[in-house]
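Asks:
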Amino acid sequence: MNIANIIFLSPINQELEVLLENYHINKKIRFLTEENLNGEDLEWADALVTFKTTSNYDYSKVKWVHSLGAGVDNFTFHNEWKDDVILTRTITSFGQRISEYCLSYILKDIQFHEQFQYQKSIKLWKPITPKMLNEVCVLIYGTGEIGQKIAEVLTGFGVKVYGVSRSGKQKDHFADILTIDSHYSLLSQVDYVINTLPLTEKTENLFHAGIFDHYSSIGFINVGRGESVKEKDLLQAITRNQVRFAVIDVFANEPLPEDHVFWEHPKIFLTPHISAVTTAKEAAECFVETLENIEKNKPLPNRVDVKQGY
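In the numbering used here, the protein residues as written are 1379 to 1688.
(1) Helix, strand or coil: which one does DSSP assign to Ser1595?
(2) Could you give the residue range of the beta strand (DSSP E) that holds Ser1545?
(3) Can you grab the Cα-Cα spacing for the pair Phe1629 / Glu1513, in whole Å?
(4) Specify whether the stretch 1611 to 1626 and the stretch 1440 to 1450 touch according to this definition: at least 3 beta carbon pairs, one from each stretch, less than 8 Å apart.
(5) Closer than 6 Å by C-beta to Lys1538: which residues in its own chain qualify, once you throw out the five before and the five after it? Chain order, please.
(6) Identify the continuous alpha helix (DSSP H) that holds Asn1391 and give its terminal residues.
(7) When you compare the stretch 1662 to 1672 with the stretch 1396 to 1407, are there three or more beta-carbon pairs, one atom per stretch, that lie closer than 8 Å?
(8) By alpha-carbon positions, which one of Asp1424, Tyr1593 and Thr1428 ends up nearest to Thr1656?
(9) Suppose the cutoff is 7 Å on Cβ atoms and the five residues either side in sequence are ignored; what does the same chain contact list for Lys1608 look like?
(10) Hey, quick one: how far does the beta strand (DSSP E) through Tyr1519 stretch, first residue to last?
(11) For Ile1384, which residues does DSSP report across the bridge?
(12) Is the Cβ-Cβ distance between His1561 and Thr1533 less than 8 Å?
(13) Tell me whether Thr1578 is buried or exposed, calling it buried when 16 or more other Cβ atoms sit within 10 Å of its Cβ.
(14) Report the CB separation of Ala1654 from Leu1398 in whole angstroms; it is logged as a contact under 8 Å.
(15) Can you give the Cα-Cα distance for Gly1536 and Glu1412, rounded to whole angstroms?
(16) In the DSSP assignment, find the unbroken alpha helix (DSSP H) run with Tyr1435 in it and report its ends.
(17) If you run the structure through DSSP and keep just helix, strand and coil, what is Ala1630?
(18) Under a three-way DSSP split, which group does Val1621 fall into?
(19) Have a look at His1651, Gly1602, Lys1645 and Leu1634 and flag the residue whose alpha-carbon is nearest the alpha-carbon of Thr1617.
(20) Can you name, in chain order, every residue of its own chain whose Cβ lies under 6 Å from the Cβ of Tyr1479, other than the five neighbours on each side?
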């Protein structure tokens, strides 16, 4: 496939433009914003490179769409996709970044950071023995590249890790992998739940009262998609101590509205979608490699199965 004209639509365009100069790409490139992109640009372009966008574009006008992030639900969720338009995503250090993000909150919990900080504030000397990671059981929803990396990192510290996937196919670093329908019996044993699932019709509102009712005082970490969680049900689960605390990095509406109840909730920790940041350097490297693979008809390990949504 020949790609001659490329549009970059990204908040990191300036950095990408400088970095791409080093690759000497013999292409015509337009670095645009959503505000100044128009239909003529899409008619001109062979490829569109962008993060999550707020507009509904006619992606059928280009040959290739490349996501600068790992998630592609903005392109596929509730959208028709032409079979002859290639969709790829950025694969970088996301798995390692998210692994360290999750590990930091698990360690914070088992080392009683908040409790000791409180005891300091009231000058209370009361020793509490921290738990060890090899005493912890974690359940990861999603056993793809990111879920597997989290499992690898956690098992390296002795954590027992289970997985939930659509197929239930066994993979390295998991003690066992179950399907959504078969995993309920495991939930009472779990200390922490990590959601890494992409947003699809099957994962929308997946975390609802029917699942939360099976949990018992877990730590819930969402690094997948905000739309996978029914927020009212999560709040109810926290009230019932089915969820002891929640760490949320992704939300259905971003930025999170100022009047949202999550801001003030003492058992919810918020971060502004930073668990897997795409750096300009990594984005440029992945784009250039993908472009070369497309033009040379090489395999595309980062191609998205648009019917599955990931």
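Just so it is clear, CB atoms sit at the ideal spot from N, CA and C, and this is done for glycine as well.
Nothing here was measured: the structure is a model prediction, and the numbers come from that model.
Replies: In brief:
(1) As a position in the sequence shown, residue 1595 is number 217, starting the count at 1. Looking at Ser1595 - three-state DSSP - the assignment turns out to be coil, as it is neither helix nor strand.
(2) Position 167 of the sequence shown, counted from the first residue, corresponds to residue 1545. Per DSSP, Ser1545 belongs to no beta strand (DSSP E) and is neither H nor E.
(3) Here residue 1629 refers to the residue found at position 251 of the sequence shown. Here residue 1513 refers to the residue found at position 135 of the sequence shown. So the alpha carbons of these two residues sit roughly 31 Å apart.
(4) no
(5) The sequence position of residue 1538 within the sequence shown is 160, counting from 1. Hits under 6 Å: Cys1515 and Ala1553.
(6) In the sequence shown, counting from the first residue as 1, residue 1391 sits at position 13. It spans Asn1391 to Glu1399 - the alpha helix (DSSP H) in which Asn1391 sits, taken as one unbroken run.
(7) yes
(8) Taking the sequence shown and counting its residues from 1, the one referred to as residue 1656 is at position 278. Comparing Cα-Cα distances from Thr1656 to each of Asp1424, Tyr1593 and Thr1428, the minimum goes to Thr1428.
(9) Taking the first residue of the sequence shown as 1, we reach residue 1608 at position 230. Same-chain partners within the cutoff: Asn1583, Phe1585 and His1586.
(10) Here residue 1519 refers to the residue found at position 141 when the sequence shown is read from its first residue. Run containing Tyr1519: Cys1515 to Tyr1519, per the beta strand (DSSP E) assignment.
(11) As a working note, residue 1384 is residue 6 in the sequence shown. In the DSSP output, where bridge partners are listed per residue, Ile1384 has Ile1407 and Ala1425.
(12) The residue labelled residue 1561 in the question sits at position 183 within the sequence shown. The residue labelled residue 1533 in the question sits at position 155 within the sequence shown. Against a cut-off of 8 Å, the Cβ pair of Thr1533 and His1561 comes out as no contact.
(13) Your numbering for residue 1578 matches position 200 in the sequence shown. Buried, by the Cβ-count rule.
(14) In the sequence shown, counting from the first residue as 1, residue 1654 sits at position 276. In the sequence shown, counting from the first residue as 1, residue 1398 sits at position 20. About 22 Å separates the two Cβ atoms, so there is no contact after all.
(15) The residue labelled residue 1536 in the question sits at position 158 within the sequence shown. The residue labelled residue 1412 in the question sits at position 34 within the sequence shown. Using only the alpha carbons, I get a separation of about 46 Å.
(16) The residue given as residue 1435 occupies position 57 in the sequence shown. Note, Tyr1435: premise wrong, no alpha helix (DSSP H); not H, not E.
(17) The sequence position of residue 1630 within the sequence shown is 252, counting from 1. Looking at Ala1630 - three-state DSSP - the assignment turns out to be coil, as it is neither helix nor strand.
(18) Taking the first residue of the sequence shown as 1, we reach residue 1621 at position 243. Of the three classes helix, strand and coil, the one that applies to Val1621 here is strand, per DSSP.
(19) Counting from one through the sequence shown, the residue named residue 1617 turns up at place 239. Answer by Cα proximity: Lys1645.
(20) Your numbering for residue 1479 matches position 101 in the sequence shown. So the qualifying residues of the chain are Ser1653.
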